[in-house]
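Read in order, the letters of the sequence shown are residues 1 to 265 in full-length UniProt numbering.
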Amino acid sequence: MKWEDINAHAKQWVKEAGERIRLSFDTTLNIQTKTNANDLVTNIDKEIEQFFIKKIREVYPEHKIMGEEGFGDELRSLDGIVWLIDPIDGTMNFIHQQRNFAISLGVYENGIGKIGLIYDVVHDELYHAIRGKGAYINEKPIAPVKETTVKESIIALNATWVMENHRIDHNLMIPLVKDVRGTRSYGTAALEMVFVATGRVDAYLSMRLSPWDFAAGTVIVEELGGVVTNLRGEKLDFLSKDSLFAANPSLHQSILKDYLKNGKF
């Protein structure tokens with residue numbers, strides 16, 4: 001079966017890439033900024049993306065590639081098979097902490113997520129799913145997501161969105177933060193999505209992410225019965241930036257109805 005073969009290759013390449021990243025820990029990074037002083041990229045981000053592109057082009061030359069660092073294709077549609085790659089999701093954590101970052105790799109066919117892999121490099125935990133075949137941490141099956149209420153929930157949310165900012169009215173988020181059991185912020189969308197998938201957090205909300213940030217996580221969360229939309233409750237667009245809201249179904253519905261319905265996102 002084609003998807004099993006693609007998945008086997010992807011897992012092998014992700015593990016190889018992870019080993020390359022671990023070997024880089026003792027080297028001096030070449031750090032550059034992108035859109036602003038806190039939007040960082042390193043030589044390792046670029047090298048890992050180029051590593052994936054070389055591997056994909058060798059084995060699947062007909063596939064298209066969307067990569068964060070811009071070494072892939074310029075895509076106007078998701079027709080055919082497309083790989084969406086974030087070589088290091090959580091670059092700031094990678095630079096400052098050498099932990100709390102992940103490789104994120106999603107494979108889509110005509111806009112439908114077929115394979116999702118998120119590799120927590122430092123902990124050697126590979127979260128992976130093929131649509132319709134279950135989701136796993138390494139080779140251990142992950143249980144379906146559990147329903148929770150707002151008051152019982154821990155949500156992943158960056159503190160930026162509860163302060164005055166130019167993306168949203170921060171007053172929308174304050175009641176939600178007051179009502180939940182707790183909030184967390186990990187600085188990596190990929191890991192925050194797999195934390196929803198594994199029940200370590202019950203929801204993850206972000207105001208602006210790129211397709212490579214959420215492509216792999218969407219496959220994994222949906223495979224376990226979770227819901228992934230933007231903050232308006234709409235299907236995600238995998239060709240442009242969007243807000244993100246991942247949660248178990250009952251919590252997703254409650255937060256949309258009771259906290260987000262009047263928001264402009």
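The beta carbon of each residue, even a glycine, is placed where N, CA and C say it ideally should be.
ask   = If we count the other Cβ atoms within 10 Å of its Cβ and call it buried at 16 or more, is M207 buried or exposed?
value = In the sequence shown, residue 207 corresponds to position 207, counting from 1. So M207 counts as buried.
query = Closer than 6 Å: is that where the CB of H63 sits relative to any heavy atom of the ligand HEM?
reply = The ligand HEM is absent from the structure shown, which contains no ligands of any kind.
request  = Taking only runs that begin and end inside the region 123-201, name each unbroken beta strand (DSSP E) of 3 or more residues, in chain order.
outcome  = Counting only runs of 3 or more residues that sit fully inside the region 123-201, the beta strand (DSSP E) segments are 125-130, 135-137, 154-157, 182-184, in chain order.
task = Determine, using beta carbons only, whether T218 and N100 come nearer to each other than 7 Å.
result = For the purposes of this step, residue 218 is taken as residue 218 along the sequence shown, with counting starting at 1. For the purposes of this step, residue 100 is taken as residue 100 along the sequence shown, with counting starting at 1. A distance of 7 Å or more separates the beta carbons of T218 and N100.
message = Considering Cα atoms alone, identify which of D89, M66, F52 is closest to D79.
response = Position 79 of the sequence shown, counted from the start, is the residue given in the question as residue 79. Nearest C-alpha to D79 among D89, M66, F52: M66.
task = Have a look at V145 and A247 and give me their C-alpha separation to the nearest angstrom.
result = The residue you call residue 145 lines up with position 145 of the sequence shown. The residue you call residue 247 lines up with position 247 of the sequence shown. Rounded to the nearest angstrom, the two C-alpha atoms are 9 Å apart.
key: CB contact flag (I220, G116, <7 Å)   = Sequence index remark: in the sequence shown, residue 220 carries index 220 (1-based). Sequence index remark: in the sequence shown, residue 116 carries index 116 (1-based). In this structure, G116 lies closer than 7 Å to I220 by Cβ.
task = Quick one: using the 10 Å Cβ neighbour count with 16 as the cut-off for buried, is E223 buried or exposed?
result = Residue mapping note: residue 223 aligns to position 223 of the sequence shown, counting from 1. Answer is buried; the Cβ neighbour count reaches 16.
query = From which residue to which residue does the beta strand (DSSP E) around S243 run?
reply = Counting from one through the sequence shown, the residue named residue 243 turns up at place 243. Unbroken beta strand (DSSP E) run through S243: 242-247.
Which of helix, strand or coil DSSP assigns to G217 = Start at 1 with the first residue of the sequence shown, and residue 217 comes out as number 217. Three-state result, G217: helix.
ask   = Below 8 Å, can you find three or more Cβ-Cβ pairs linking the region 117-124 to the region 226-233?
value = Fewer than three Cβ pairs drawn from the region 117-124 and the region 226-233 lie within less than 8 Å of each other, which leaves the two stretches out of contact.
query = What whole-angstrom Cβ distance do A156 and Y119 have, given they're in contact under 8 Å?
reply = Position 156 of the sequence shown holds residue 156. Position 119 of the sequence shown holds residue 119. In fact, because the Cβ distance is near 19 Å, the residues do not count as touching under 8 Å.
ask   = Using the beta-carbon count (16 or more within 10 Å), is L251 buried or exposed?
value = As a position in the sequence shown, residue 251 is number 251, starting the count at 1. For L251, the number of other beta carbons within 10 angstroms of its own is at least 16, and it is reported as buried.
request  = Report the residue from H166, F245, L239 whose alpha carbon sits nearest the alpha carbon of R232.
outcome  = For the purposes of this step, residue 232 is identified with residue 232 of the sequence shown, where counting begins at 1. The shortest C-alpha separation from R232 is found at F245.
ask   = Once you ignore the five residues that flank residue 269 on each side, which residues in its own chain have a CB closer than 6 Å to its CB?
value = The requested residue 269 is not part of the displayed model; the chain covers only 1 to 265.
key: Spatially closest choice to E234 from K261, E4, I103, by CA coordinates   = Taking the sequence shown and counting its residues from 1, the one referred to as residue 234 is at position 234. Per the Cα distances, K261.
message = Taking DSSP's pairing of strands, which residues face E109 in a bridge?
response = Working through the sequence shown from its first residue, we reach residue 109 at position 109. Answer is I81, I112.
key: the region 91-111 contacting the region 1-18, beta-carbon criterion three pairs below 8 Å   = In the pairwise beta carbon analysis, the region 91-111 is classified as touching the region 1-18: at least three pairs are separated by under 8 Å.
ask   = What residues in its chain sit with their C-beta under 7 Å from that of R184, if we drop five residues either side in the sequence?
value = Indexing the sequence shown from 1 puts residue 184 at position 184. Taken in chain order, the residues that qualify are I154, A156, V201.
query = From what residue to what residue does the beta strand (DSSP E) around V14 run?
reply = Locating residue 14 in the sequence shown gives position 14, where the first residue counts as 1. Counting along the chain, no beta strand (DSSP E) covers V14; the unbroken alpha helix (DSSP H) around it starts and ends at 2-23.
key: Local conformation of Q50 per DSSP, three classes   = In the sequence shown, the residue the question calls residue 50 occupies position 50. In the three-state reduction of the DSSP assignment, Q50 falls in the helix class.
query = Where do the ends of the beta strand (DSSP E) carrying T229 lie?
reply = Numbered from 1 along the sequence shown, position 229 holds the residue referred to as residue 229. Its beta strand (DSSP E) spans residues 227-229.
ask   = Taking buried to mean at least 16 other C-beta atoms within 10 Å of its own C-beta, is K64 buried or exposed?
value = Position 64 of the sequence shown, counting from 1, holds the residue named residue 64. It is buried - the Cβ of K64 has at least 16 other Cβ atoms within 10 Å.
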